[in-house]
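Please read the structure below before turning to the comments.
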Amino acid sequence: MTFLANSIRNAAPLIARQAAVKQTPFALSAVAQKRWKSNTVEMTVRDALNQALEEELAADEKVFLLGEEVAQYNGAYKVTRGLLDKFGPKRVIDTPITEAGFAGLATGAALSGLKPICEFMTFNFAMQAIDHIVNSAAKTHYMSGGAVKCPIVFRGPNGAAAGVAAQHSQCFAAWYGSVPGLKVVSPWNSEDAKGLLKAAIRDPNPVVVLENELQYGLSFPMSEEAQSSDFVIPIGQAKVEREGKDITIVSHSRSVGFSMEAAEQLAKDGISVEVVNLRSIRPLDVDTIVKSVKKTNRIITVEGGWASYGVGSEIAAQIMESEAFDYLDAPLTRVAGADVPTPYANNLETYAFPDTPIIVKVIRDTLNKKIGA
Amino acid sequence: MLRTTASRLLANVRVAPKAFAPARAFSTTAPSFFASATDVSEKVKITLPESSFEVYNLEKPSLDLEFSKEEVIDMYTKMVTMRRMEMAADALYKAKQIRGFCHLCTGQEAVSVGMESAITNSDQIITAYRCHGFTYVRGGSIKSIIGELLGRECGISKGKGGSMHMFSPGFYGGNGIVGAQVPLGAGIAFTQKYLDIPAVTFSLYGDGASNQGQVFEAYNMAKLWDLPCVFVCENNKYGMGTSAARSSASTQYYTRAGYIPGIQVNGMDVFAVHQACKFAKEWTTSGKGPLVMELNTYRYGGHSMSDPGTTYRTREEIQHMRSTSDPITGLKQHIVDLNVATEAELKAIDKEARKIVDEAVKEAQASPEPDLKEFWNDIYQPGTEPKMVRGREPGESHYY
């Protein structure tokens, strides 16, 4: 499962474009800081999130963090490690195991002038609080005719982990992505994680940040720009992680990693794959997707969530309603989580989620399709 | 002089509660109200009946209060105006000018008026959907409240919220999901503590909502973190069509938080409500943590305009409450007994209230429905909208 890092330095001064991903499946707490040329460092997603939280807590007194085990335990997944020591118990708060209560309390704090970051240990548990996310947070600015604001961030791991079975493995991108009044982001790598979380905290609207537990331990290059405390990625903009001309993959979160691996593999056979990392689920960057389809004429989507009513379904519909439809040489195929409650056994769990081989297969199938054939 | 005072109060200028001066002998000769302005600042003393409060792990507040005549008249004026406003909403609903849900607080006026009289602009209130009265006492104009019910541009939420989603300064609504407002209220109290604001948040819920899990979750965090939050159960004896006894294993709502002291109050007596809220504010802002307050009150109307309110309780019960416990009649009796005003003067206030509400209704009715561009506003904060929001079909989409 290890792949050699193979980064290409771009001529543009500040942007280092990464072409492949270094996978370290069992990376632990220490930040792997490996100095590359031109001040790029390697940083895990976990540390990138931690840096974002630290910077925003330092920058604005009104920002505070609450959730289960975020303070003294240093975070269930160590994302909030060290923050209690740095900022004290007023700013970093351990809550009881009462999601509905503390999400409501956090929302009330946001309505009355603070900027809470409400962590859910996983978004599976946020279902207990979803009424507050949707009805108390997302809709209030509209229902009040603009009188009441809600600058809150709801963050935590979303989607598949490993071996945690059905109740702990659901992806909620589609559910939150459908709600007007919310913004929803889904970072893949470390730059995404830091830039999107900072943007979410600074955004005056309620923002849902869907992280992924399996991504936390992975290291990615962080450019010099990304290391700055002003580094923010605009919400609502996708990124073309890899340019290509034969087919587009649109993906988000962990699936971007598999898509990049698939692209690398297919490149050896002369197939040029463009990989679009959504970064934001809502607003969805339809323009970038359309532009890519117009270039490659073929598209697949890859996500960890179920296909039914999912992110891929939304993209398919957007393509149908846009000018990209006329540029298609093949129909869109969704690669998604299988329509089953996630099983526990390793082989069954593997069968439940997309991985590199299935993406490669679907791409080959799509490329073999001919219009009218 | 009284008339002018009343008119000023009816125009919804907020009268800040005056600090209570030391006790002064009350003159038994009935002063003429048209004589001089200083008469309205004259104090009246009230002693509440013993039955006003029951306590749980708490010492009873004092039964002795003192108000200026102006304050008493203000309470009366507000309650009367509120009742008129709710009656106007009732009529408008029956005339099909108000749609959807409409929950009236007729009979419960002492709750919002009593609470408002004991607190300042720094204190905050949040409640559920029976919110018109609170919106009004916290500064919402009658025109904007009726306008919101009618779904007009002049509505307090620009016509986009309706009956259940009204907000005014220091008042966080107006919330449609039963029980959700309680942890929100704990959050507002959290903000007060976080920012070192020496003020209190009253987080209200009904007897029906009192059994919600999130209410207990809020109790727990408020007690754990010493939040300046008063959890107020507005017990009007019925959660929609279900009586308190049929919904709650314990109807002693002021004791339900266990580890939080509680007080049960006669919510039909505006003076008792005032005293309890004043007491609660002092308690929670002196670092003693949260408090639970049960206000025993009664609604004459049904749960909402869709509920006649007579299938689950008898007309005799409603009539009995009206004739023995009405908050306005009760205050009226005090006013006359204490020589704060004469019956004729009170009738003048009633008439003025009716006139003001009627005028506000007319103005609200003259306001147009919201402009279509409002449809697209306030989904996100101005300047942070996405590029485009989809309408019913792609052609109806809006670009920012």
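These protein sequence lines map, in sequence, to chains A and B. All the letters of the first sequence, read from the start, carry residue numbers 1 to 373 under UniProt numbering. All the letters of the second sequence, read from the start, carry residue numbers 1 to 400 under UniProt numbering. Beta carbons: idealized from backbone N, C-alpha and C, even for Gly. From a predicted model like this one, the values you see are computed outputs, not experimental measurements.
Three-state secondary structure assigned by DSSP to residue i
i	result
residue 222 of chain A	strand
residue 46 of chain B	strand
residue 30 of chain A	Here residue 30 of chain A scores only 43 on pLDDT, less than 50, and its place in the model is too uncertain to base an answer on.
residue 342 of chain B	coil
residue 188 of chain A	coil
residue 305 of chain B	coil
residue 194 of chain A	helix
residue 125 of chain A	helix
residue 193 of chain B	helix
residue 214 of chain B	helix
residue 247 of chain B	helix
residue 426 of chain B	Here chain B comprises residues numbered 1 to 400, so residue 426 of chain B is not present and cannot be evaluated.
residue 135 of chain B	helix
residue 86 of chain A	helix
residue 91 of chain A	coil
Neighbourhood of residue i by C-beta, 6 Å cutoff - its chain only, sequence neighbours within 5 removed
i	result
residue 216 of chain A	45, 46, 77
residue 309 of chain B	301, 302
Same chain, Cβ closer than 8 Å to residue i, neighbours up to 5 away in sequence not counted
i	result
residue 90 of chain A	64
residue 248 of chain B	207, 210, 211
residue 295 of chain A	245, 248, 274
residue 113 of chain A	62
residue 234 of chain A	199
residue 232 of chain A	195, 198, 199, 202
residue 354 of chain A	255, 258, 302, 303, 304, 335, 336, 337
residue 82 of chain A	50, 54, 74
residue 104 of chain A	129, 132, 136
Range of the contiguous beta strand (DSSP E) that encloses residue i
i	result
residue 43 of chain A	41-44
residue 56 of chain B	53-56
residue 205 of chain B	201-206
residue 263 of chain B	262-266
residue 300 of chain A	299-306
residue 333 of chain A	333-337
residue 277 of chain A	273-277
residue 135 of chain A	From DSSP, residue 135 of chain A is part of no beta strand (DSSP E); its letter is neither H nor E.
Cutoff 7 Å; reference residue i; Cβ partners in own chain excluding five residues on either side
i	result
residue 281 of chain B	118, 119, 123, 200
residue 83 of chain B	106, 109, 328
residue 87 of chain A	57
residue 144 of chain B	154, 155, 156
residue 174 of chain A	305, 309, 310, 311
Delimiting residues of the alpha helix (DSSP H) encompassing residue i
i	result
residue 71 of chain B	69-94
residue 102 of chain A	99-111
residue 289 of chain A	286-296
residue 247 of chain A	Element bounds for residue 247 of chain A: not the alpha helix (DSSP H) but the beta strand (DSSP E), 247-251.
residue 328 of chain B	327-337
residue 441 of chain A	Coverage of chain A is limited to positions 1 through 373, which leaves residue 441 of chain A absent and any answer about it impossible.
residue 277 of chain B	270-284
residue 392 of chain B	From DSSP, residue 392 of chain B is part of no alpha helix (DSSP H); its letter is neither H nor E.
residue 143 of chain B	142-150
residue 254 of chain A	254-267
residue 153 of chain B	Segment: none, residue 153 of chain B is in no alpha helix (DSSP H) and carries neither H nor E.
residue 363 of chain A	356-368
> Would you call the segment 118-131 of chain B and the segment 193-208 of chain B touching, i.e. three or more CB-CB distances under 8 Å?
Replying inline: Counting Cβ pairs under 8 Å, three or more are found: they touch.
> Using a beta-carbon distance cut-off of less than 7 Å, what residues from the segment 118-144 of chain A approach chain B?
Replying inline: Taking a C-beta cut-off of 7 Å against chain B, the contacting residues of the segment 118-144 of chain A are 131, 132, 135, 136, 141, 142, 143, 144, listed in chain order.
>> Residues of the segment 369-384 of chain B in Cβ contact with chain A at a cutoff of 7 Å, in chain order, please.
In response: Within the segment 369-384 of chain B, the residues whose Cβ lies closer than 7 Å to some Cβ of chain A are 377, 378, 379, 380, 381, 384, listed in chain order.
> Between the segment 193-209 of chain A and chain B, which residues of the former have a C-beta closer than 8 Å to a C-beta of the latter?
Replying inline: In summary, the residues of the segment 193-209 of chain A whose CB is separated from some CB of chain B by less than 8 Å are 203, 204, 205, in the order they occur in the chain.
>> Which residues of the segment 115-142 of chain B have a Cβ closer than 8 Å to any Cβ of chain A? Give them in chain order.
In response: So the close ones are 124, 126.
>> Please identify, using Cβ separations under 8 Å, the residues of the segment 308-329 of chain A that lie next to chain B, in order along the chain.
In response: Residues passing the 8 Å Cβ filter: 321.
> At a cut of 8 Å, does the segment 168-176 of chain B reach the segment 377-394 of chain B through at least three beta carbon pairs?
Replying inline: Contact between the segment 168-176 of chain B and the segment 377-394 of chain B is absent, because fewer than three Cβ pairs lie under 8 Å.
> How about the segment 98-112 of chain B and the segment 132-149 of chain B: do they share at least three Cβ pairs that are nearer than 8 Å?
Replying inline: These segments touch.
> Relative to chain C, which residues along the segment 100-111 of chain A have a C-beta separation below 7 Å, given in chain order?
Replying inline: Chain labels in this structure do not include chain C; the protein chains are A and B.
>> For the segment 339-355 of chain B against the segment 268-280 of chain B, do three or more pairs of beta-carbon atoms, one drawn from each stretch, fall closer than 8 Å, so that the two count as touching?
In response: Inter-segment contact for the segment 339-355 of chain B and the segment 268-280 of chain B is absent: fewer than three beta-carbon pairs are separated by less than 8 Å.
>> Does the contact criterion of 3 or more C-beta pairs under 8 Å hold for the segment 260-275 of chain A versus the segment 306-318 of chain A?
In response: These segments do not touch.
> Between the segment 220-253 of chain B and chain A, which residues of the former have CB atoms less than 9 Å from a CB of the latter, in chain order?
Replying inline: Going along the segment 220-253 of chain B in chain order, one finds 220, 221, 222, 224, 225, 227 with a Cβ nearer than 9 Å to chain A.
> Do the segment 304-318 of chain B and the segment 228-244 of chain B make contact, defined as three or more Cβ pairs closer than 8 Å?
Replying inline: Segment contact: the segment 304-318 of chain B against the segment 228-244 of chain B, three or more CB-CB distances shorter than 8 Å; contact assigned.
>> Taking 8 Å as the cut-off, does the segment 286-303 of chain A touch the segment 328-337 of chain A (at least 3 CB pairs, one atom from each stretch)?
In response: Touching, yes.
>> Beta carbons nearer than 7 Å to chain A: which residues of the segment 201-220 of chain B have them?
In response: For the segment 201-220 of chain B, the residues whose beta carbon sits under 7 Å from a beta carbon of chain A are, in order, 213, 214, 217, 218, 220.
>> Assess contact between the segment 176-185 of chain A and the segment 275-288 of chain A, defined as three or more Cβ pairs (one per stretch) separated by less than 8 Å. Is contact present?
In response: The answer is yes - the segment 275-288 of chain A touches the segment 176-185 of chain A, with three or more Cβ pairs under 8 Å.
>> For the structure I just gave you, are there three or more beta carbon pairs, one from the segment 66-77 of chain B and one from the segment 281-293 of chain B, closer than 8 Å?
In response: Below 8 Å, too few C-beta pairs join the segment 66-77 of chain B and the segment 281-293 of chain B to call them touching: fewer than three.
> At a cut of 8 Å, does the segment 251-269 of chain B reach the segment 48-63 of chain B through at least three beta carbon pairs?
Replying inline: Taking 8 Å as the limit for Cβ pairs, the verdict is that the segment 48-63 of chain B does touch the segment 251-269 of chain B.
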